[in-house]
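If you read the sequences in order, they're chains Y and W. Heads up, the first sequence is in numbering that gives the first Met the number 0, so the first residue is 0 and it goes up one at a time. Heads up, the second sequence is in numbering that gives the first Met the number 0, so the first residue is 0 and it goes up one at a time. All C-beta atoms in this analysis are idealised placements derived from N, C-alpha and C, irrespective of residue type, glycine included. Nothing here was measured: the structure is a model prediction, and the numbers come from that model.
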Amino acid sequence: MRTQRANPARTAWLIVGGLLAAMLLFAGCGSSSSDSTSGNELKKVGKGEGSLDLISWAGYVEPEWTKPFEQKTGCKVSDKEAGTSDEMVELMKSGQYDGVSASGNATARLVAANLVDPVNVSLVPNYKTVFADLKNQPYNTFDGVNYGIPHGRGANLLMWNGNDVKPAPDSWNIMFDPKIAAKYKGKISAYDESSYIADAALYLKFHQPDLGIENPYELNEEQFNAAIELLKEQRQFVGEYWSEAAKQISAFAGGDVTVGTTWQYQYFALKEEGVPVKASPASQGFLPKEGATGWSDTWMISSEAKHPNCMYMWMNWIIEPKVNAQVAEYFGEAPAQELACEHTANPNFCSEYHAEEPAFWKRVYYWETPVADCGNGEEDCKDYNDWVKAWTSIKG
Amino acid sequence: MSSEAVVGRRSAGHRLADLFHGRRRLQVGALLAGPVGWLVIGYLGSLALLLVAAFWSVDPLSGATVKNFTLENFESLVNEPVYRTIVWRTIRTALLVTLTDAVIAFPIAFYMAKLASRRGKALLVVGILLPLWSSYLVKVYAWRTLLSANGAIHWALSPIGLDTPGYGTTAVWLVFSYLWLPYMILPIYAGLERIPDSLISASEDLGASPFTTFRRVILPLSFPAVVAGSIFTFSLTLGDYITPRLVSNDQFIGNVIFSNIANNQPFAAALALVPIVVMIAYLMVARKLGAFEHV
Numbered sequence: 000m001r002t003q004r005a006n007p008a009r010t011a012w013l014i015v016g017g018l019l020a021a022m023l024l025f026a027g028c029g030s031s032s033s034d035s036t037s038g039n040e041l042k043k044v045g046k047g048e049g050s051l052d053l054i055s056w057a058g059y060v061e062p063e064w065t066k067p068f069e070q071k072t073g074c075k076v077s078d079k080e081a082g083t084s085d086e087m088v089e090l091m092k093s094g095q096y097d098g099v100s101a102s103g104n105a106t107a108r109l110v111a112a113n114l115v116d117p118v119n120v121s122l123v124p125n126y127k128t129v130f131a132d133l134k135n136q137p138y139n140t141f142d143g144v145n146y147g148i149p150h151g152r153g154a155n156l157l158m159w160n161g162n163d164v165k166p167a168p169d170s171w172n173i174m175f176d177p178k179i180a181a182k183y184k185g186k187i188s189a190y191d192e193s194s195y196i197a198d199a200a201l202y203l204k205f206h207q208p209d210l211g212i213e214n215p216y217e218l219n220e221e222q223f224n225a226a227i228e229l230l231k232e233q234r235q236f237v238g239e240y241w242s243e244a245a246k247q248i249s250a251f252a253g254g255d256v257t258v259g260t261t262w263q264y265q266y267f268a269l270k271e272e273g274v275p276v277k278a279s280p281a282s283q284g285f286l287p288k289e290g291a292t293g294w295s296d297t298w299m300i301s302s303e304a305k306h307p308n309c310m311y312m313w314m315n316w317i318i319e320p321k322v323n324a325q326v327a328e329y330f331g332e333a334p335a336q337e338l339a340c341e342h343t344a345n346p347n348f349c350s351e352y353h354a355e356e357p358a359f360w361k362r363v364y365y366w367e368t369p370v371a372d373c374g375n376g377e378e379d380c381k382d383y384n385d386w387v388k389a390w391t392s393i394k395g
Numbered sequence: 000m001s002s003e004a005v006v007g008r009r010s011a012g013h014r015l016a017d018l019f020h021g022r023r024r025l026q027v028g029a030l031l032a033g034p035v036g037w038l039v040i041g042y043l044g045s046l047a048l049l050l051v052a053a054f055w056s057v058d059p060l061s062g063a064t065v066k067n068f069t070l071e072n073f074e075s076l077v078n079e080p081v082y083r084t085i086v087w088r089t090i091r092t093a094l095l096v097t098l099t100d101a102v103i104a105f106p107i108a109f110y111m112a113k114l115a116s117r118r119g120k121a122l123l124v125v126g127i128l129l130p131l132w133s134s135y136l137v138k139v140y141a142w143r144t145l146l147s148a149n150g151a152i153h154w155a156l157s158p159i160g161l162d163t164p165g166y167g168t169t170a171v172w173l174v175f176s177y178l179w180l181p182y183m184i185l186p187i188y189a190g191l192e193r194i195p196d197s198l199i200s201a202s203e204d205l206g207a208s209p210f211t212t213f214r215r216v217i218l219p220l221s222f223p224a225v226v227a228g229s230i231f232t233f234s235l236t237l238g239d240y241i242t243p244r245l246v247s248n249d250q251f252i253g254n255v256i257f258s259n260i261a262n263n264q265p266f267a268a269a270l271a272l273v274p275i276v277v278m279i280a281y282l283m284v285a286r287k288l289g290a291f292e293h294v
């Protein structure tokens with residue numbers, strides 16, 4: 000019947016062999032082309048281009064404040080929600096977006112890869128009244144040049160199920176101290192990204208001061224290894240690592256986990272579902288005693304923005320006092336705009352979220368991109384690739 | 000005027016037909032130019048790019064690719080034990096899922112091909128295809144709910160003293176086996192359909208017991224179909240990263256590729272070569288077992 004014996008495996012080997020040969024030639028003589036298109040700041044905001052393409056965190060671009068923006072400026076907003084900072088960087092590489100609400104563990108990478116342009120803050124009138132301790136920070140200003148507009152800030156939460164965890168914990172030791180965490184073996188929910196190494200480092204900064212950790216994102220070999228050891232020990236107690244919010248919500252709702260690190264978004268969503276979750280009280284700014292890792296987000300403009308005027312109008316709009324108050328309350332974070340505190344629906348919102356207390360924010364360590372050069376001139380810190388590889392080895 | 004135009008068009012068509020008439024090569028070439036072009040440029044081209052990228056490195060801060068030849072990606076792939084663990088876990092799960100699906104699929108396919116009425120057959124085919132109509136993510140999230148500590152499996156098993164396996168390695172095995180089952184049933188069903196009933200009757204006439212008939216006639220003739228189905232279940236498990244991420248803490252090859260893709264594409268590319276090599280080895284074994292005899 001058959002005339003020829005099909006042999007896909009040999010064909011595949013031939014193809015791979017051919018490709019391999021071609022590739023060795025290729026890879027050997029490939030030149031590293033350095034793209035040095037330094038971004039140009041806009042000089043003047045002109046007429047809107049009619050549309051705007053954004054990348055944002057869930058809850059940052061909502062109809063409550065995009066509809067009035069569209070009416071006012073004629074810029075039609077389309078938004079792509081991203082789940083992680085890595086995803087944001089990846090999406091920005093496509094060059095199809097005008098701007099992004101980047102956290103501090105994405106901003107430096109975006110700037111280094113020339114994916115974003117400097118922002119001329121004089122074209123953003125509302126910038127004047129942004130909280131001073133959010134301006135000119137290492138995650139939004141590079142070599143003295145502003146690269147974005149602060150959006151808001153907050154701390155990662157310790158959340159627990161009020162029925163299962165008593166008394167209310169006030170320390171991350173419930174997740175990290177083996178003696179205490181063992182009580183919740185299989186019920187702990189930890190964040191599934193390399194940046195979670197900083198949470199372990201922060202815990203060590205407080206509980207093992209002799210390691211000399213200053214900034215949990217700037218770790219030398221010894222400090223880094225101590226954090227990795229702690230996380231490897233923690234692994235046996237972890238019920239689930241979460242990376243998308245929906246996964247953690249279903250785990251808490253289904254009773255699969257009872258205590259974990261989380262964001263405001265999941266906390267409020269679970270409360271709404273009637274799950275008896277609790278977090279450190281607002282009076283403590285949602286902070287356990289060690290402090291917490293957190294975020295300070297920045298709107299950045301793409302170096303390939305097709306609608307730069309609309310993007311500038313958006314960056315001004317999002318820190319308009321009324322809008323920024325709305326955004327902050329919707330998400331559950333401290334506003335970036337000083338004047339927003341007069342417009343919040345809950346008159347105590349800003350004091351509950353410590354928006355106006357710089358001393359409080361000293362205990363919140365905003366996400367940063369780990370780099371080898373961490374300011375001591377020795378280039379001996381672990382960089383982002385080390386963090387990613389270590390994270391893979393922690394999960395095993 | 001208009002009739003002239005029609006004539007003109009017709010003659011253009013004729014000219015084209017004349018051009019192709021009797022020229023086999025040209026005919027085949029025109030027919031295949033599109034698909035083959037796509038295969039070479041879109042498919043093999045991207046594969047080649049992937050292979051090339053595996054020999055480059057990155058600038059640690061910007062994540063930009065540095066195009067200098069290096070073997071460091073492969074070195075860390077081989078030297079760090081965690082990647083061996085992950086590769087082995089992925090292959091082991093893929094084999095286990097394949098075996099499970101084959102064992103479940105064979106009786107179903109046999110019933111469909113040889114025993115069911117025409118109506119029953121149609122119902123079964125629809126039943127097997129039905130899950131393919133809903134989104135992959137919906138199915139995995141549905142399994143999350145089923146497997147949850149207070150979910151349906153817990154509820155159904157607790158009266159007899161058992162409990163849900165919860166999220167973990169067992170859950171991954173269950174969900175994969177569920178997801179890829181149709182891809183195993185359909186090839187086996189097609190293979191069994193091709194076995195003439197007369198062969199089975201002949202075997203019986205010659206005094207073979209049903210078990211002997213199965214062992215000596217049906218199994219050897221349908222085995223290539225099982226191997227063909229296993230290519231689907233094996234390769235789909237090998238490449239998946241969403242199911243392990245949603246129902247366990249286990250890392251598969253795909254998960255490590257995913258976590259490196261944003262900042263270290265060359266390393267992700269080197270990792271992506273692993274399933275390719277595994278798959279080629281698998282295809283070679285499949286060929287030895289006769290999976291392509293009827294292609």
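First and last residue of the alpha helix (DSSP H) that includes Y/Ala339?
Here Y/Ala339 belongs to no alpha helix (DSSP H), and DSSP marks it neither H nor E.
Check the C-beta distance from Y/Thr297 over to Y/Asn139 and give it rounded, since I have them as a contact under 8 Å.
Contact between Y/Thr297 and Y/Asn139 holds, since their C-beta atoms are separated by about 5 Å, short of 8 Å.
May I ask you to list, following chain order, the residues of the stretch 133 to 155 of chain W that have a beta carbon less than 9 Å from some beta carbon of chain Y?
Listed in sequence order: Tyr140, Arg143, Thr144, Leu146, Ser147, Ala148, Asn149, Gly150.
DSSP has Y/Ala101 in a bridge; who is on the other side?
Residue pairing by DSSP places Y/Ala101 opposite Y/Thr297 in a beta bridge.
Please name the residues in the stretch 109 to 134 of chain Y whose beta-carbon is closer than 9 Å to at least one beta-carbon of chain W, in chain order.
The stretch 109 to 134 of chain Y vs chain W, Cβ under 9 Å: Leu109, Val110, Ala111, Ala112, Asn113, Leu114.
Look at the alpha carbon of Y/Ser279 and the alpha carbon of Y/Asn345, and state the distance between them as a whole number of angstroms.
Between the C-alpha atoms of Y/Ser279 and Y/Asn345 there is a straight-line separation of about 19 Å.
Assign Y/Ser194 to buried or exposed, taking buried as 16 or more other Cβ atoms, counted over all protein chains shown, within 10 Å of its Cβ.
Counting Cβ neighbours within 10 Å, Y/Ser194 comes out buried, since at least 16 surround it.
Per-residue DSSP class, three states only, for Y/Asp52
Y/Asp52 falls in the strand class under three-state DSSP.
Does Y/Ile212 come out as helix, strand or coil in the three-state DSSP assignment?
The answer is coil: DSSP assigns Y/Ile212 none of H, G, I, E or B.
Y/Ala81 versus W/Leu114 - alpha carbon distance
Straight through space, the alpha carbons of W/Leu114 and Y/Ala81 are spaced by roughly 51 Å.
Mind pulling the chain Y residues with CB within less than 8 Å of W/Val81?
Within chain Y, the residues near W/Val81 are Thr391, Ser392, Gly395.
Assign W/Pro316 to buried or exposed, taking buried as 16 or more other Cβ atoms, counted over all protein chains shown, within 10 Å of its Cβ.
Absent from the model: residue 316 of chain W. The displayed extent of chain W is 0 to 294, so no value can be given.
Across which residues does DSSP place Y/Cys380 in a beta bridge pair?
Y/Asn219, per the DSSP bridge assignment.
Is any beta-carbon of chain Y found at less than 7 Å from that of W/Ala189?
No, no contact with chain Y.
State yes or no: is the beta carbon of W/Ser258 nearer than 7 Å to at least one beta carbon in chain Y?
At least one chain Y Cβ lies under 7 Å of W/Ser258.
Residues of chain Y with CB closer than 7 Å to the CB of W/Tyr166, please, in chain order.
Ordered by position in chain Y, the residues that pass the 7 Å Cβ test against W/Tyr166 are Glu239, Asp255.
Please report the distance separating the alpha-carbon of Y/Glu220 from that of Y/Tyr202.
Computed Cα separation, rounded: 17 Å.
Using beta-carbon positions only, say whether Y/Glu271 and Y/Ala252 come within less than 7 Å of one another.
For the 7 Å CB-CB criterion, Y/Glu271 and Y/Ala252 do not form a contact.
How many Å lie between W/Asn72 and W/Arg88 at the Cα?
Going by the C-alpha atoms only, they are around 20 Å apart.
Give every residue of the same chain whose Cβ lies closer than 7 Å to the Cβ of Y/Leu157, excluding the five residues on either side of it in the sequence, and list them in chain order.
Cβ-Cβ distances below 7 Å link Y/Leu157 to Pro168, Trp171, Thr260, Ala278, Ser279, Pro287 in the same chain, with the five nearest sequence neighbours on each side left out; the list follows chain order.
Y/Glu337 versus W/Phe231 - alpha carbon distance:
When rounded, the distance between both Cα atoms is 58 Å.
Buried or exposed for W/Pro265, please, with buried defined as at least 16 other CB atoms from any protein chain shown within 10 angstroms of its CB.
So W/Pro265 counts as buried.
Taking only three categories from DSSP, how would you classify Y/Cys28?
Bear in mind that the predicted position of Y/Cys28 carries a pLDDT of just 47, short of 50, making it unreliable; the figure below should be weighed with that in mind. Note: Y/Cys28 maps to helix in three-state DSSP.
Is Y/Asp382 closer than 7 Å to Y/Ala389 when the C-beta atoms are compared?
Taking 7 Å as the Cβ cut-off, Y/Ala389 and Y/Asp382 do not qualify as a contacting pair.
Excluding the five sequence neighbours on either side, which residues of its own chain have a C-beta within less than 8 Å of the C-beta of W/Trp172, listed in chain order?
Correct list, in chain order: Thr92, Leu95, Val96, Thr99.
Using DSSP bridges, identify the partner residues of Y/Trp159.
The partner list for Y/Trp159 (beta bridge, DSSP) reads Y/Val258, Y/Lys277.
Rank Y/Phe175, Y/Phe205, Y/Gly238, Y/Lys66 by C-alpha distance to the C-alpha of Y/Ile187 and give the top, closest one.
Its Cα nearest to that of Y/Ile187, the residue Y/Gly238 stands out among Y/Phe175, Y/Phe205, Y/Gly238, Y/Lys66.
Residue burial classification, Y/Glu192 (beta-carbon count within 10 angstroms, cutoff 16)
Classification of Y/Glu192: buried, given that the 10 Å Cβ count is 16 or more.
Beta-carbon separation of Y/Val115 and Y/Ser302 under 7 Å?
Cβ distance < 7 Å, so Y/Val115 and Y/Ser302 count as in contact.
Inter-residue Cα distance where the pair is Y/Ser35 and Y/Trp366
For Y/Ser35, the pLDDT reaches just 38, beneath the cut-off of 50, and the residue's location in the model is therefore unreliable, although a value from the coordinates is still provided. The straight-line gap from Cα to Cα measures roughly 27 Å.
Same chain only: Cβ atoms within 8 Å of Y/Ser33, ignoring 5 sequence neighbours per side
Unreliable placement is indicated for Y/Ser33, whose pLDDT of 38 sits below 50; the coordinate value is still reported in the next sentence. Within the same chain, Y/Ser33 has no close Cβ partners at all.
Any beta-carbon of chain W closer than 7 Å to the one on Y/Asp85?
Yes, because at least one Cβ of chain W sits closer than 7 Å to the Cβ of Y/Asp85.
Which residues of chain Y have a Cβ atom closer than 9 Å to the Cβ of W/Ala361, listed in chain order?
Because chain W in this structure spans residues 0 to 294, residue 361 of chain W falls outside the shown range and cannot be described.
Of the residues Y/Val76, Y/Tyr59, Y/Gly58, Y/Ala57, which one's Cα is nearest the Cα of Y/Lys66?
Selected option, being the one with the closest Cα: Y/Val76.
Unbroken stretches of the alpha helix (DSSP H), 4 residues or longer, contained in the stretch 229 to 254 of chain W:
With a minimum length of 4 residues, the continuous alpha helix (DSSP H) runs that stay inside the stretch 229 to 254 of chain W are 241 to 246.
When you compare only the Cα positions, how much space is there between W/Leu191 and W/Leu237?
Rounded to whole angstroms, W/Leu191 to W/Leu237 spans 27 Å at the Cα level.
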